[in-house]
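Numbering (the numbering used here), first residue to last: 734 to 999.
Just so you know, even glycine gets a beta-carbon here, dropped at the ideal spot from N, CA and C.
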């Protein structure tokens, strides 16, 4: 095993642990702010005129994206949803209970072809691709599972910005390194460009956020670990509060930035 493989394995285990800790807090955040539902709905708008009948939701978490996709797509599709966190899936099963055509799978997003042999009209990564260390393996397998004319839809968190779309964190915290997740956005685009059967379109999504929104978002264990890795969660919270206070004070208005990527299979 190479050093990179060892790092990837450690990162994946940390992600699973962080998300097991985050399940309840994710749901509380979503109930208040509706971020992940909004991202899922926007992806559904952007894949038009495609109306998928079979959908794969990769990194479904507590089922927020799964339920949003199920409701947003006309003629409620069959949805398979996969996540690595048991705690997240417990909540996903409760959220989607009683809905026909939703199937939840505990599994590794880097090994999609081990779980799925059938084809899908659409594969979604809603706020998840940057948390997959070997994301390229996942993308390649996802592309192989998409039917001709089908679509790959991704939402990618790119950071926090001022009103001129400058990265806000280095403006306030020079020298601080903050990349949420294992993947940089240019790496994702390079991977997608290598999938010759697909053609990609990018869409920016920036929206103003309050200090309260920022603190609630960064207080999620899986999020705060990106800011202050290796520090126990309970010790991270006052650090997150100080970070949010300083950032929101010195950068106003403050914006959160996402990228949507829609890749269509020829």
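Here the alpha carbons of residue 791 and residue 863 stand approximately 12 angstroms from one another.
Between the C-alpha atoms of residue 812 and residue 875 there is a straight-line separation of about 14 angstroms. Excluding the 5 residues flanking it on each side, residue 762 has same chain C-beta neighbours closer than 7 angstroms at 949, 950 and 953, in chain order.
Residue 958 carries a helical assignment under DSSP once its states are collapsed to helix, strand and coil. Residue 890 has 991 as its beta-bridge partners, per DSSP. Nearest Cα to residue 850 within the set 899, 758 and 789: 789. In the pairwise beta carbon analysis, the segment 830–844 is classified as not touching the segment 884–900: fewer than three pairs are separated by under 8 angstroms. For the pair residue 928 and residue 872, the Cα-to-Cα distance works out to about 9 angstroms. Counting along the chain, residue 798 sits inside the alpha helix (DSSP H) bounded by residues 797–805.
Per DSSP, the continuous beta strand (DSSP E) segment holding residue 933 begins and ends at 931–942. DSSP, read as helix, strand or coil, puts residue 769 in helix. Per the coordinates, the alpha-carbon of residue 971 lies some 25 angstroms from the alpha-carbon of residue 746. With fewer than 16 neighbouring CB atoms inside 10 Å of its own CB, residue 781 falls in the exposed class. The distance from the Cβ of residue 752 to that of residue 818 is about 4 angstroms, consistent with a contact at the 8 angstroms cut-off. In the pairwise beta carbon analysis, the segment 972–979 is classified as not touching the segment 910–929: fewer than three pairs are separated by under 8 angstroms. Buried is the label assigned to residue 854, since at least 16 other Cβ atoms lie within 10 Å of its Cβ. Taking C-alpha positions only, residue 804 is separated from residue 908 by approximately 43 angstroms. Look at residue 979 here: in three-state DSSP terms it is helix. In the structure shown, the three-state DSSP call for residue 996 is strand. Taking the Cα positions, residue 784 is about 29 angstroms away from residue 759. As computed with DSSP, residue 836 is found in a beta bridge with 813. Burial of residue 866 is indicated by the presence of at least 16 other C-beta atoms within 10 angstroms of its C-beta. In the structure shown, residue 858 adopts extended strand secondary structure according to DSSP, grouped into three states. Boundaries around residue 819 are those of the alpha helix (DSSP H), 819–828, since no beta strand (DSSP E) includes it.
Counting along the chain, the unbroken beta strand (DSSP E) around residue 790 starts and ends at 787–791.
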